[in-house]
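In full-length UniProt numbering, the protein residues as written are 1 to 269.
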């Protein structure tokens, strides 16, 4: 997560509690907070002003997923029990600021999580029949590496996400198939399994064009990782928009395959 200088200054006040919508944190409490995210500070004589200390820590965490974790901790609903403050108001105020950097706090369960507003979000219930820890981990890694600006790693995980979904579906519903590392060939197999061939006469031309686009996504993910990611010798250094393109394409493809699987196989039961 990387934010502007303007946002850093506002986050400093919010984290300190020097505003009228978040709990006040003392110097020692701030040290404890940031020490949970990799620092080894002590509170005592000579300690800088609270706002200066927090601003310095935010700058050091800027560009990493740890900054997102700090903000998420600040809006932990448990910190607002028995106080005059409302966590929903704090979330709204923070969102008004970080939205300009492309991020938002959204409610997930009983907590709030930072999401990249320019990234596709897969609803947990959409994972359906093939939900597993590894798949959830790949989704999280894709988002975290964009936040950390690890664009090589994001591209690698984008392919792994699509690969995980495709191979998992094939392993459950195409028992004769053995994956040999060829993502393009695996997609050709799943395309037949889920009736996603663009040549299907039952589909209108618009759907055929979109399905043809899915083939292009697979080809792109397979070749993009080879040419641009950290899995092979670098030929080209990926930039943020390349990584987001790979991650969002993989998420869109993965969710569509999962939704198609759920629709087809639940209907048969």
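Ideal Cβ positions, reconstructed from N, Cα and C, are used throughout, including at glycine. As the structure is a computational prediction, the values presented were derived from the model and not from experiment.
What did DSSP end up calling residue i once you bin it into helix, strand or coil?
{"i": "residue 100", "result": "helix"}
{"i": "residue 111", "result": "strand"}
{"i": "residue 183", "result": "helix"}
{"i": "residue 219", "result": "helix"}
{"i": "residue 200", "result": "coil"}
{"i": "residue 248", "result": "helix"}
{"i": "residue 105", "result": "strand"}
{"i": "residue 116", "result": "strand"}
{"i": "residue 232", "result": "In this predicted model, residue 232 has a pLDDT of only 49, less than 50, meaning its place in the structure is not dependable; the value taken from the coordinates is given anyway. Three-state result, residue 232: coil."}
{"i": "residue 348", "result": "The structure shown does not extend to residue 348, since the chain is modelled only from 1 to 269, so the question has no answer here."}
{"i": "residue 83", "result": "coil"}
{"i": "residue 137", "result": "helix"}
{"i": "residue 39", "result": "coil"}
{"i": "residue 67", "result": "helix"}
When the Cα atoms are used, what is the spatial distance from residue i to residue j?
{"i": "residue 199", "j": "residue 191", "result": "11 Å"}
{"i": "residue 60", "j": "residue 141", "result": "21 Å"}
{"i": "residue 177", "j": "residue 170", "result": "7 Å"}
{"i": "residue 24", "j": "residue 85", "result": "10 Å"}
{"i": "residue 115", "j": "residue 22", "result": "21 Å"}
{"i": "residue 150", "j": "residue 93", "result": "28 Å"}
{"i": "residue 4", "j": "residue 97", "result": "10 Å"}
{"i": "residue 128", "j": "residue 56", "result": "With a pLDDT of 49 at residue 128, under the threshold of 50, the modelled position of that residue is not reliable, and the figure given next carries that caveat. C-alpha separation (whole angstroms): 43 Å."}
{"i": "residue 79", "j": "residue 246", "result": "37 Å"}
I'd like the span of the alpha helix (DSSP H) that includes residue i, first residue to last.
{"i": "residue 12", "result": "5–16"}
{"i": "residue 1", "result": "Careful: residue 1 lies outside any alpha helix (DSSP H) and carries neither H nor E."}
{"i": "residue 35", "result": "27–35"}
{"i": "residue 53", "result": "50–61"}
{"i": "residue 170", "result": "151–173"}
{"i": "residue 75", "result": "Unbroken run through residue 75: none, as it is neither H nor E."}
* To do: Assess, as a yes-or-no matter, whether the segment 65–85 is touched by the segment 153–165 under the definition of 3 or more beta carbon pairs within less than 8 Å.
  => As far as the Cβ criterion goes, the segment 153–165 does not touch the segment 65–85, which means the pair count is below three.
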